Amino acid sequence: MFGVGIYINTDTVITRIIESTLMTSLKPGNVTGLFGARRTGKTILMESIRKKLSTQKVLHVQGENLDVSEILSSQRLSVLQNFVNGYDFLFVDEAQKIRNIGLNLKLIVDSIPGISVFVTGSSAFDLRGNIGEPLTGRSTFYNLYPFALGELEEDFLTSKENLEKKLIFGLYPQVVNAINDEERIKVLESIRDGYLLRDILELDNLKDSIFIINLLRLLAFQIGQDVSLAELAANLRVSRKTVERYLELLEKSFILFSTRGFSRNLRKEFSKSPRYYFWDNGIRNSVISNFGRLAVRDDTGRLWENFCISERMKINHYNQRSVNCYFWRTYDQKEIDLIEESNGQLSAFEFKWSVNKGKVPKDFIDNYPGSTFAVINPETYLPFIKRKERM
Numbered sequence: 005m006f007g008v009g010i011y012i013n014t015d016t017v018i019t020r021i022i023e024s025t026l027m028t029s030l031k032p033g034n035v036t037g038l039f040g041a042r043r044t045g046k047t048i049l050m051e052s053i054r055k056k057l058s059t060q061k062v063l064h065v066q067g068e069n070l071d072v073s074e075i076l077s078s079q080r081l082s083v084l085q086n087f088v089n090g091y092d093f094l095f096v097d098e099a100q101k102i103r104n105i106g107l108n109l110k111l112i113v114d115s116i117p118g119i120s121v122f123v124t125g126s127s128a129f130d131l132r133g134n135i136g137e138p139l140t141g142r143s144t145f146y147n148l149y150p151f152a153l154g155e156l157e158e159d160f161l162t163s164k165e166n167l168e169k170k171l172i173f174g175l176y177p178q179v180v181n182a183i184n185d186e187e188r189i190k191v192l193e194s195i196r197d198g199y200l201l202r203d204i205l206e207l208d209n210l211k212d213s214i215f216i217i218n219l220l221r222l223l224a225f226q227i228g229q230d231v232s233l234a235e236l237a238a239n240l241r242v243s244r245k246t247v248e249r250y251l252e253l254l255e256k257s258f259i260l261f262s263t264r265g266f267s268r269n270l271r272k273e274f275s276k277s278p279r280y281y282f283w284d285n286g287i288r289n290s291v292i293s294n295f296g297r298l299a300v301r302d303d304t305g306r307l308w309e310n311f312c313i314s315e316r317m318k319i320n321h322y323n324q325r326s327v328n329c330y331f332w333r334t335y336d337q338k339e340i341d342l343i344e345e346s347n348g349q350l351s352a353f354e355f356k357w358s359v360n361k362g363k364v365p366k367d368f369i370d371n372y373p374g375s376t377f378a379v380i381n382p383e384t385y386l387p388f389i390k391r392k393e394r395m
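Quick note on our numbering: the sequence shown kicks off at 5 and runs consecutively.
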């Protein structure tokens, strides 16, 4: 293990990149939703925003409170009016606990002038859909992930010194603030077993947590590789449809995300099978129960690719960049790890743990002139994943 060591000064308040965007989104007659996995800091962020609105009247409630839940599920305008009367803002934490929350929020913003609503929720309950359908045109949704590296405000030397720990333990807030490796492992195991799996099981009244772990283990060993759903189904002895359903739940729960193959119908391009990544390296390593140092691992390249792509995805979302993300591979085994398509421009990235220069495949340059290519290694990664301005 790494010994004691810490990522940051735990007395430092870490400002989330998306906070200013959320503040701007809080407008009268609008519902702002913040979604993400448990333990990513949604409640703390909501409280931070509430404090910044100290000169205005904010009603801050918990969806888990039965009295609150009864009122906000009533669909009775008089009850809702009495509840929010005199307030400028309604903040509802854990809103997924409230039945018919979307319909009731629509009643509030449609019928009570001047109030702005901010809700948080675990994505595992598909709160986005429950709120979004009744509030089309009156709602704005954002996601919150484990810390992005750019939020830690580390200088180059500190980032370099802590890089190995981040590849192994990830960036969940409690992990970042843990005082030693033993505590980090306990936190990750608690998040894995007590929060993430529970949310998935509750979503469809599922009961087979062992199946979920086995599926995640298979995917953990296939980072950066095309994933055959038929092969997963065969290994797990279930139907392909079952695998597809669980993969959908794992993505909705912010445990996994996927990329698809990029193709413009060139004969040699392969685009059928997806690739899956974990939103957090620490969760990935907790699934396979391996927190060993890089020197004794055979999966450093996979950890590096997962880390770089997940960090890039976070910063793209926080900067509200409209980007389509793919991988590129041909049938004769030429490939590129990440292709970003934005406003017709293609940007290609290859992730290498070694600092040796990578070479862009000639087929890609020939077929997509004007595209850019960069190798992301430990000497070049910071500008790639710490950029804060909107691009």
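Where a beta carbon is used, it is the ideal one built from N, C-alpha and C, also for glycine.
Everything numeric in this text was worked out from a predicted model, so none of it was measured.
Taking a C-beta distance under 7 Å as the contact criterion, Leu107 and Gln79 qualify as a contact pair. Note that the region 94-106 touches the region 45-53; at least 3 beta-carbon pairs, one per stretch, sit closer than 8 Å. Minimum Cα-Cα distance from Val17 among the listed residues Asn181, Asp302, Lys361, Gly141 corresponds to Asn181. Taking C-alpha positions only, His64 is separated from Val72 by approximately 10 Å.
Going by beta carbons, Ser120 and Pro32 fall inside the 7 Å limit. Residues Tyr146, Leu148, Tyr322 of the same chain have their beta carbon placed closer than 7 Å to that of Ile22, with the five preceding and five following residues left out of the count.
Between the region 197-205 and the region 168-186, the count of C-beta pairs closer than 8 Å stays below three; the two stretches do not touch.
Going by beta carbons, Glu344 and Val359 fall outside the 7 Å limit. For the set Arg221, Gln324, Ser351, Arg188, the Cα lying nearest the Cα of Ser29 is the one of Gln324. Burial of Lys170 is indicated by the presence of at least 16 other C-beta atoms within 10 angstroms of its C-beta.
Between the alpha carbons of Thr47 and Ala224 lies a gap of roughly 29 Å.
In this structure, Ser351 sits near Thr376, with a CB-CB distance shorter than 7 Å. C-alpha of Ser290 to C-alpha of Arg188: approximately 10 Å in a straight line. Secondary structure at Glu74: helix, using DSSP grouped into helix, strand and coil. The residue from Thr36, Pro177, Phe173, Ile216 with its alpha-carbon nearest to that of Gly45 is Pro177.
With respect to the C-alpha of Ser77, the residue from Gly90, Val62, Leu109 having the closest C-alpha is Leu109. Between Val231 and Met317, the alpha-carbon positions lie close to 20 Å from each other. With contacts defined as CB atoms closer than 7 Å, Ile389 and Glu309 fail to qualify as a contacting pair. Here Phe258 carries a coil assignment [DSSP, helix/strand/coil]. Excluding sequence positions up to five before and after Ala234, its CB lies within less than 8 Å of the CB of Arg244, all in the same chain and listed in chain order.
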